[in-house]
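Each residue of the sequence shown is one higher than the one before, counting from 1365 in this note's numbering. Read through the structure below, which is laid out as structure tokens, and then see the notes.
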Amino acid sequence: MSLGLSMSKTETSPKTVVCGPTIPKECDSINLYGGMCFSIDPSLKPDGPLPSSLEECKATDIAFLLDGSGSVKPHQFSTMKTFVKNLIRKLLKQNTKFAFAQYSYSCTIHIHFNQFQRTGWELQVDNIEQIGGGTFTARAIKTVVNDVFDSSAGARPQANRILIVITDGLSSDSRHYPSVTALADTKNIIRYAVGVGNAFNNQRALNELNSIASSPESDHMFKVDSFEALDKISNTLEKSIIAIEGTQTTGDSTRMEFAQNGFSAALVSSPDERFLVSVIGANDWRGGYQDIPLSSRMPSFRRVHEVTPDSYLGYSMAVASRDRQNYIVMGAPRYKHKGLLMVFFPGGKPKMLKQSQIGAYFGAEVCVVDLDGDSNTDLILASAPMHTEGGREGKVFVYKFTKENHHTEVSDTGVSLLEMEGQRGRFGSSLASLADLNGDGIRDVAVGAPLEDDGQGSVYIFNGRRRGVNPNYSQRIAGSSVRSGLRFFGLTVAQSALDQSGDELPDIAVGSKGAVLLLRSRPIVSIVTSVTFNPPKIPTSISDCTDSQQNKVRVCFTMTKSTRDSLAGLQAKLNYTLSLDFVRQKFRAFFKGKEREENKEVTVSLRENCFEHSFLVQCSPEDVVNPVDVQVTFSFQGLSIQSAGELRPKLAISSSNTSDHKLNFEIDCGEDKVCTDNIHLNFNFSGASTIEVGITQEMSVTVMVENRGENSYNTRVSLSYPHGLSYRTFTKTQGRVECSSLDSPDESTQGKTHCSINRPILMAGDKAIFVVQYGIDGNSQFDDRVTIQAQASSDNDKHDPENQLSKTLDIGVKYSIYVVLKRSEGTTNYINFTAGNNHLQKPVVQNVEVTNGLRGLNLTVIIQVPVKLQGKDIWTDVDSLHIQGCTRGGEKSPIITDLQHTFKDNKEPDVNCSVAVCLEFRCTSYMIRDDKSRYNVSGNVRSGWIEQTGLRSASFHLVTSATLEYDNNKYIFYSSDSSRHAPVARIETLVEVYEEPNLTKEIIGGVVAGLILLALMTAGLAKSGFFKSQYQQKLDEAGAQGGEEPPGAEAE
């Protein structure tokens, strides 16, 4: 059963979930694969299994209904029985039962399911005698459904039910087919119809055969020319029935037979304790999960209809928690050959997150990360271990939880994690949210790449940061460096980084082929470098060049622990270099021997460790203003901790090994030797009043700096700006200005722009003006206002108390939105009425589709429906008119009342809210990005209102309008023009009215004209002697034959 193939533990529960998802069960025609999960408490006491039982082998009940009517010859009936026996031999399994019935005028049940003899069934079939008589197939099917597929007759409630009907022609009661087949459907009976003979070349007979068969008829209807040809369909019929055996009868080829319960699993304890067990093989390998409360232990199955077969939903699973609600995260790596990440929201529809590369196996592993340990999940990691990009194989995508307008959303951060260049190691085969490894208070992440280094494998450590993960890995642990001969190191990484070594540091368990390795965390230390000079400044007398100035520098390294551990006696070896005047090619300061650099190797411990150096500063008349720049760089090597074996401290990544310091010259400030500057700082947003996120691409900040006091040395201005703004460039208008900037890496820190003003001296009365431009990220989410802080500083020792060294300004923010309103499919295009008939009505449907792009927001769709035209109702029942999901408002009066003039001047006038009373509906909802909503107006439109137009033959557009309402203080509509107005959608139906033709005059005129024409023709024929000659000729002939003269003839 592969117990332990999946294991899971959450911080909210002391229990561990252990599953075995590959328990085989041999059935007649297939092997089922189920699974079971157990929970294990800290005392190693197991509880389970869940689910409590495996899927049972599916039983099958097959009934044959044979045509015994007189049209079937005795030898044909015998051939039919032979066909039945051959088919039974192929289908006879341990869990299959058969029943037999025959029909003509009535139906005779020969053998019920509970009478079927597994050893003597052939004799039972041979003993069936043909009845003869008429053909009443529908009546027979009804009898079999009611009497054979009944528990009293041995039919099993959970078995697959199959009815095979064999007939040779038309039935005498075919009108009853719809009712009897519906009855069979209620009992989940799958019907096969077998038609024999030439009768089914007739379309009517073929239609009857289709009526008997289950849907789709192409799979359940067979036709052969003779009884002797029945064997030709035997194999096809057998395969079709075998495909049903072991499965349900709901139309799915498989449901839970190959579910592999527990391929991944989780245990949640809030609001109640329950198992979440994935079933990747369920529903034709679509997948899903079972929710099993421990109180009832009754599983409920959650499936997603949008998922395609063979998606493997549940291949990976994790549970995120936000505001005490659970969000179930599942991967489906074979969804449409690309993969899928699905997040099940509590009480809402799931969010489907997709990637585009075919074969990447996106969603193979998922992991949730609570960065700051506040019990609210911040990130979701989803891996695609077969994603190829350059010389790498594998990629981890990072998604974040955000809250907008009190609604939780999941979105792509745009950050992804990658392995080292040149490796193709299935990076992302395992993911783990570890503890805080580097002591910065934020959790870190481990990613396994088991195929790196020719299958030796490796594990990458990525450090967490505020609201994200640093995409640059901090450590790569190669399997070859851990133990020689390891294979597939990093195949799994334990989700819980527990302290196994007793040093209060988290340890990581990493799986490889045949071994589990426990990696100890190292204590993390940080080092702060400080430098002081004696004397603290270079005297101006050095410019006389009488002698070099002797100076001393004190370099101090303060080492502190970042991790919270119990280890003592931490030490490290530092090899540091002290560089003097390092930014200049011609240097003014040097050590003994005219060297500008001096190296030293020292051992430092957890305290301040200081070391002194002596150097000389020589005269430099051409430059006694710019300071001497001093740089300290060091390399770090942790020393073994005596109490922890070979464990060594590690320098924190955030701890810089380079620091720059300045030794300034004394400032020439007159007799008092003190320069008091008076810096006035000011800035504005270059005339802008708001930032339009998603529309405006840049923001300009105009900065003005003026010195109203004595000379100001090394004057600087720094601007602090939030995440979402990125430095582009600066433009100087007045003065000498140089700027550099470092953008914010995440939402927890500010970006900084540093500008030097008229370096080195901003003279008294000087002014500098410059403009800094920042790019605006269209996907950023700022606060209601964006705040910029400016701070000025200088190297002067004294500043005028009236100076203005800082200023803070904020600017309003509006977010671009783009919402499409349109008339959607299903809207009625056209109806018509005859003029003068005011009691007609026609059904009309008008649909509005709303698609939200760019960002989520609270949105109101206002739909206005014309309901009255000058007092006449347009719809039959205006009071019951409603739109699902919308609130019905009041009526809005029209602005145009002169309908006669309006309608006559337009070829196809609109019947809208300008001429008709409209009913307003307000449809308010929160729409996430790329969400769609549909609103439906439906009812019957009356004809009585048309007479108000004064037209008896015309076409009108019945127009329902839809527009948007949103917070204009927060959002601005994105449009191609400069209007920025939300669209108005027209949902229209063409209504035509026409005169009913009156043909009475035409009919009377036609009849009269016909009679006149007939009279004229008769008169003409009579005048030409047509009637007389014919009559006389006949009289003459009659007289000749009788030897008598005709009556009235005179003798000569």
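Note that beta-carbon positions come from the ideal geometry of N, C-alpha and C, so glycine has one too. From a predicted model like this one, the values you see are computed outputs, not experimental measurements.
Quiz item: Under the three-state reduction of DSSP, which class applies to Ile2260: helix, strand or coil?
Solution: Ile2260 carries a coil assignment under DSSP once its states are collapsed to helix, strand and coil.
Self-check item: Every unbroken beta strand (DSSP E) within the region 2314-2383, with a cutoff of 3 residues, ordered by chain
Solution: If we require 3 residues or more, the beta strand (DSSP E) runs fully inside the region 2314-2383 come out as 2318-2329, 2335-2337, 2349-2358.
Self-check item: Among Gly2374, Phe2320, Gly1652, Arg1568, the one whose alpha carbon lies nearest that of Lys2271
Solution: The option with the nearest alpha carbon to Lys2271 is Phe2320.
Practice problem: Please work out which residues of its chain come closer than 6 Å, Cβ to Cβ, to Thr1507, disregarding the five sequence neighbours upstream and downstream, and give them in chain order. | Solution: Taken in chain order, the residues that qualify are Cys1471.
Practice problem: In angstroms with no decimal places, state the Cα-to-Cα distance between Arg1952 and Asn1963. | Solution: A straight-line Cα-Cα distance of about 19 Å links Arg1952 and Asn1963.
Quiz prompt | Through-space distance from Asp1945 to Lys2116, alpha-carbon basis | solution = Counting only the Cα atoms, Asp1945 lies some 26 Å from Lys2116.
Exercise. Please report how far the alpha carbon of Thr1611 lies from the alpha carbon of Asn1647, in whole angstroms.
Key: Its pLDDT being 45, under 50, Thr1611 is placed unreliably in this model, and the coordinates cannot settle the point.
Self-check item: Among Ile2175, Gly2303, Met2291, nearest to His1770 - alpha-carbon criterion
Solution: Comparing Cα-Cα distances from His1770 to each of Ile2175, Gly2303, Met2291, the minimum goes to Met2291.
Quiz item: Mapping DSSP to helix, strand and coil, what is Val1889?
Solution: Of the three classes helix, strand and coil, the one that applies to Val1889 here is strand, per DSSP.
Self-check item: Span of the beta strand (DSSP E) around Gln1995
Solution: Residue range 1992-2002 is occupied by the beta strand (DSSP E) that includes Gln1995.
Quiz item: Who are the Cβ neighbours of Val2177 in its own chain at under 7 Å, not counting the five residues just before and after it?
Solution: Leaving aside the five residues that flank Val2177 on each side, the residues in its chain whose CB is nearer than 7 Å to its CB run, in chain order, Thr2054, Ile2055, Val2057, Phe2146, Asp2148, Arg2149, Val2150.
Quiz item: CB-CB under 7 Å to Ser1930, same chain, minus the five flanking residues each way: which ones, in chain order?
Solution: Asp1867, Glu1868.
Quiz item: What do you reckon, are the CB atoms on Leu2218 and Ile2181 nearer than 7 Å?
Solution: Yes, the pair counts as a contact, with Cβ atoms nearer than the cut-off.
Practice problem: Take Tyr1725 as the anchor and find which of Asp1742, Phe1761, Gly1755 has the nearest alpha-carbon. | Solution: Of the listed residues, the one whose Cα sits closest to Tyr1725 is Phe1761.
Exercise. Please list, in chain order, all residues of the same chain as Pro1521 whose beta carbon is under 8 Å from its beta carbon, the five residues on each side excluded.
Key: Within the same chain, Pro1521 has close Cβ partners Ser1515.
Quiz item: Where does Gly1559 sit, in a helix, a strand or coil, going by DSSP?
Solution: Correct three-state label for Gly1559: strand.
Quiz prompt | Beta carbon of Ile1888 nearer than 7 Å to that of Ser1926 | solution = Taking a C-beta distance under 7 Å as the contact criterion, Ile1888 and Ser1926 qualify as a contact pair.
Quiz item: Anyone know if the C-beta pair for Met2063 and Tyr2138 falls short of 7 Å?
Solution: At the C-beta level, Met2063 and Tyr2138 come within 7 Å of one another.
Quiz item: Can the beta-carbon of Gly1498 be found closer than 7 Å to that of Ser1536?
Solution: Yes.
Quiz item: Hey, quick one: how far does the beta strand (DSSP E) through Gln2228 stretch, first residue to last?
Solution: It spans 2221-2233 - the beta strand (DSSP E) in which Gln2228 sits, taken as one unbroken run.
Quiz item: Is the region 1583-1601 in contact with the region 1552-1566, if contact means three or more CB pairs nearer than 8 Å?
Solution: Counting C-beta pairs closer than 8 Å gives three or more between the region 1583-1601 and the region 1552-1566, which meets the contact rule.
Exercise. Count the other C-beta atoms from every protein chain shown that fall within 10 angstroms of the C-beta of Asp1871, then say buried if there are 16 or more, exposed otherwise.
Key: When all chains shown are included, Asp1871 counts as buried.
Self-check item: Pairwise C-alpha distance: Ser2076 and Gly2099
Solution: One Cα belongs to Gly2099, the other to Ser2076, and the distance between them is close to 14 Å.
Quiz item: For Ser1844, which three-state DSSP category applies?
Solution: Residue state, collapsed to three classes: helix.
Quiz prompt | DSSP state of Thr1611 mapped onto helix, strand, coil | solution = For Thr1611, the predicted structure reports a pLDDT of 45, less than 50, and the residue's modelled location is therefore unreliable. A value from the coordinates is still provided. Thr1611 falls in the coil class under three-state DSSP.
Quiz item: Does the region 2028-2042 touch the region 2186-2205, meaning 3 or more C-beta pairs lie closer than 8 Å?
Solution: In short, these stretches do not touch, since the Cβ pair count stays below three.
Practice problem: In angstroms with no decimal places, state the Cα-to-Cα distance between Met1694 and Asn2211. | Solution: Those two C-alpha atoms are separated by around 35 Å.
Quiz item: From this set, Ile2227, Gly1723, Ile2310, Asp2164, which residue's C-alpha is nearest Gln2234's C-alpha?
Solution: Here the closest residue by C-alpha is Ile2310.
Quiz item: Cα-Cα, which of Ser1894, Ser2082, Tyr2358 is closest to Glu1972?
Solution: Out of Ser1894, Ser2082, Tyr2358, Ser1894 has the C-alpha closest to the C-alpha of Glu1972.
Quiz item: Hey, is the region 1774-1782 in contact with the region 1725-1736, meaning 3+ C-beta pairs nearer than 8 Å?
Solution: Short answer: they don't touch.
Quiz item: Among Ile1722, Ile2227, Leu1534, which one has its Cα closest to the Cα of Gly2249?
Solution: A check of alpha carbon separations from Gly2249 across Ile1722, Ile2227, Leu1534 identifies Ile2227 as the nearest.
Self-check item: DSSP-derived helix/strand/coil call for Tyr1541
Solution: In this structure, Tyr1541 counts as helix in the three-state DSSP scheme.
Quiz item: Going by other Cβ atoms of all chains shown within 10 Å of its Cβ, with 16 needed for buried, is Pro1991 buried or exposed?
Solution: Of the residues assessed, Pro1991 falls on the buried side of the cut-off, its CB having 16 or more other CB atoms within 10 angstroms.
Quiz item: So does the region 1852-1859 actually touch the region 1915-1922, counting three or more Cβ pairs closer than 8 Å?
Solution: The region 1852-1859 makes no contact with the region 1915-1922: fewer than 3 CB pairs, one atom from each, lie closer than 8 Å.
Quiz item: In whole angstroms, what is the alpha-carbon distance linking Ser1321 and Tyr1763?
Solution: Only positions 1365 to 2416 of the chain appear in this structure, which leaves residue 1321 out of reach.
Quiz prompt | 7 Å Cβ cutoff met for Ser1370 and Gly1786 | solution = Their beta carbons are not under 7 Å apart, which means Ser1370 does not touch Gly1786 by this criterion.
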